[in-house]
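For reference, the structure is listed below as structure tokens.
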Amino acid sequence: MRPDILNRGYSPGTKVLFAIIRMFSGHPLPDAAKLVFYRPRFYGAAARKFTHEAMRGPSAWSVADRELMAAFVSKVNDSAFCVGAHTATAGQAYQDRAKVQAVLADLESAPVEDGLRATLRMLGKLTREGKVSAEDMREVLSAGVSPQQVADALAVCAAFNTTGRLADAFGFQLLSPGEFEAGAKVLLKRGYR
Amino acid sequence: MADGDKKRAAHQALVDRVLNGEGKTSQEQRAQAFSDADVPAPLQALISKVATRPAQVTDADFAAAKAAGFSEDQLFELVIAAAVGQSARLYEAGLAALAEATSTGKAG
Numbered sequence: 372m373r374p375d376i377l378n379r380g381y382s383p384g385t386k387v388l389f390a391i392i393r394m395f396s397g398h399p400l401p402d403a404a405k406l407v408f409y410r411p412r413f414y415g416a417a418a419r420k421f422t423h424e425a426m427r428g429p430s431a432w433s434v435a436d437r438e439l440m441a442a443f444v445s446k447v448n449d450s451a452f453c454v455g456a457h458t459a460t461a462g463q464a465y466q467d468r469a470k471v472q473a474v475l476a477d478l479e480s481a482p483v484e485d486g487l488r489a490t491l492r493m494l495g496k497l498t499r500e501g502k503v504s505a506e507d508m509r510e511v512l513s514a515g516v517s518p519q520q521v522a523d524a525l526a527v528c529a530a531f532n533t534t535g536r537l538a539d540a541f542g543f544q545l546l547s548p549g550e551f552e553a554g555a556k557v558l559l560k561r562g563y564r
Numbered sequence: 014m015a016d017g018d019k020k021r022a023a024h025q026a027l028v029d030r031v032l033n034g035e036g037k038t039s040q041e042q043r044a045q046a047f048s049d050a051d052v053p054a055p056l057q058a059l060i061s062k063v064a065t066r067p068a069q070v071t072d073a074d075f076a077a078a079k080a081a082g083f084s085e086d087q088l089f090e091l092v093i094a095a096a097v098g099q100s101a102r103l104y105e106a107g108l109a110a111l112a113e114a115t116s117t118g119k120a121g
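Those sequence lines, one after another, are chains D and V. Going left to right, the first sequence walks through residues 372 to 564 as my numbering numbers them. Going left to right, the second sequence walks through residues 14 to 121 as my numbering numbers them.
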């Protein structure tokens, strides 16, 4: 990662924790997980809490749907690390990797429900253009999505517009497909806390 | 919207921590990075890329900021402020459009 302090600036206790995780999992901790341990009072602690609430808190959206939104927003931002991580996580959560790949390849022709498609379209526009209109929102609502679901999707969008930006700015190291799958398992088991 | 409020509240806590929590940059510096406005010249490329085209951030952007005297810990804080700031604007814009769409009675 850059700056270098994100590679070596952790407290002694945190370094021990990283070593233990590495020993038990057989993998070094991914940079996304490391970052939230760097001076956690500045960012990591509050970020984990918000991300967990958005991704795993109560919602009419399934965990799989929210992981797909995370992958989709990351795709729009061209954030390779987050695309890899959340494509794997959504694929496992749906138990359907092809569906996730189809959405990322071409949302309009992908085999998803209209409400989810309309929501992803709106999140894409918001992420790309920085704004959406009331008319855009009405289209989502008329596809059968509740206002609460729209608000929940916006929280996912906020979480991954933050994480994706940091992944690219701090240069998170990309993982192998196997490592992304292993990370996805952890995210589905433990969430983001 | 109880659950939505909980997500909002957790987001607000994050924004508040990043803008006002203990740090090695001033609140003014963090506010500038957060809003991607009035950022000092040596930081401008880095902060504006984080806000608008993060995939284009390079080592040279960090090097330029460090050469101007910013420490790595300060850059850690300001990059985070920029990322959280852009995301907060998107969140607000989305919620405002949703509120407008639901208040007109046409849907929802």
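For glycine and all other residues, C-beta sits at the position ideal for the given N, C-alpha and C. Please read these numbers as outputs of a predicted model, since none were measured by experiment.
- If you compare the alpha carbons of D:Lys502, D:Val407, D:Val503 and D:Met372 with that of Leu27 of chain V, the shortest gap goes to D:Val407.
- The three-state reading of DSSP puts Asn33 of chain V in helix, counting H, G and I together.
- Leu478 of chain D and Leu491 of chain D do touch by the CB rule: their CB atoms are close to 6 Å apart, below 8 Å.
- Runs of the alpha helix (DSSP H) spanning 4 or more residues and lying entirely within the stretch 29-99 of chain V occur at 40-48, 54-65 and 72-80, in chain order.
- When 7 Å is used as the limit between beta carbons, Leu545 of chain D is near no residue of chain V, the shortest such separation being about 13 Å.
- Residue-level contact check: Leu103 of chain V touches chain D, since one or more beta carbons of chain D fall below 8 Å from its beta carbon.
- Comparing C-alpha distances from Ser430 of chain D to each of D:Ala553, D:Ala451, D:Val527 and D:Leu494 shows the shortest one belongs to D:Val527.
- One finds nothing in chain V with a Cβ atom closer than 9 Å to the Cβ of Asn378 of chain D; even the nearest lies about 10 Å away.
- When the alpha-carbon of Leu558 of chain D is set against those of D:Ala456, D:Gln472, D:His398 and D:Ala469, the nearest one is in D:Ala456.
- Taking 7 Å as the Cβ-Cβ cut-off, the stretch 512-533 of chain D approaches chain V at Leu512, Ser513, Pro518, Gln519, Val521, Ala522, Asp523, Leu525, Ala526, Cys528, Ala529, Asn532 and Thr533, given in chain order.
- For Thr498 of chain D, the nearest CB of chain V lies under 8 Å from its own CB, placing it at the interface with that chain.
- Ranking D:Lys560, D:Lys386, D:Lys502 and D:Phe541 by CA distance to the CA of Phe452 of chain D puts D:Phe541 first.
- The residue among V:Gly82, V:Gln87 and V:Arg30 with its C-alpha nearest the C-alpha of Thr38 of chain V is V:Gln87.
- Residue environment analysis places Glu550 of chain D among the buried positions, since at least 16 neighbouring C-beta atoms fall within 10 angstroms of its C-beta.
- When DSSP states are grouped into helix, strand and coil, Gln472 of chain D belongs to the helix group.
- The stretch 95-110 of chain V makes contact with the stretch 489-506 of chain D, as at least three CB pairs between them are under 8 Å.
- Excluding its 5 nearest sequence neighbours in each direction, Leu545 of chain D has C-beta neighbours in its own chain below 7 Å: Ala451, Phe452 and Gly455, listed in chain order.
- Ranked by Cα distance from Val31 of chain V, the options V:Gln99, V:Thr115 and V:Ser116 are led by V:Gln99.
- In this structure, Ala459 of chain D lies away from Ala530 of chain D, with their beta-carbon atoms at least 8 Å apart.
- Comparing C-alpha distances from Arg488 of chain D to each of D:Gly501, D:Ala473, D:Glu500 and D:Lys502 shows the shortest one belongs to D:Ala473.
- For Phe89 of chain V and Val516 of chain D, the gap between their C-alpha atoms comes out near 38 Å.
- Cβ-Cβ distances below 6 Å link Asp402 of chain D to Met372, Phe543 and Gln544 in the same chain, with the five nearest sequence neighbours on each side left out; the list follows chain order.
- For a Cβ distance threshold of 7 Å, residue set Asn532 and Arg536 of chain D lies close to Gln99 of chain V, ordered along the chain.
- For Val70 of chain V, same chain residues with a beta-carbon under 6 Å away, outside a window of 5 residues either side, are Lys62 in chain order.
- In the DSSP assignment, Tyr465 of chain D falls within the alpha helix (DSSP H) that extends over Ala451 to Tyr465.
- Only buried fits Val52 of chain V, as 16 or more other CB atoms lie within 10 angstroms of its CB.
- Using beta-carbon distances, Phe395 of chain D does not count as an interface residue toward chain V, since no partner is under 8 Å.
- Met440 of chain D does not reach chain V, its nearest Cβ partner there being about 12 Å away, counting only Cβ pairs nearer than 7 Å.
- Using a CB distance cut-off of 8 Å, Arg412 of chain D counts as an interface residue toward chain V.
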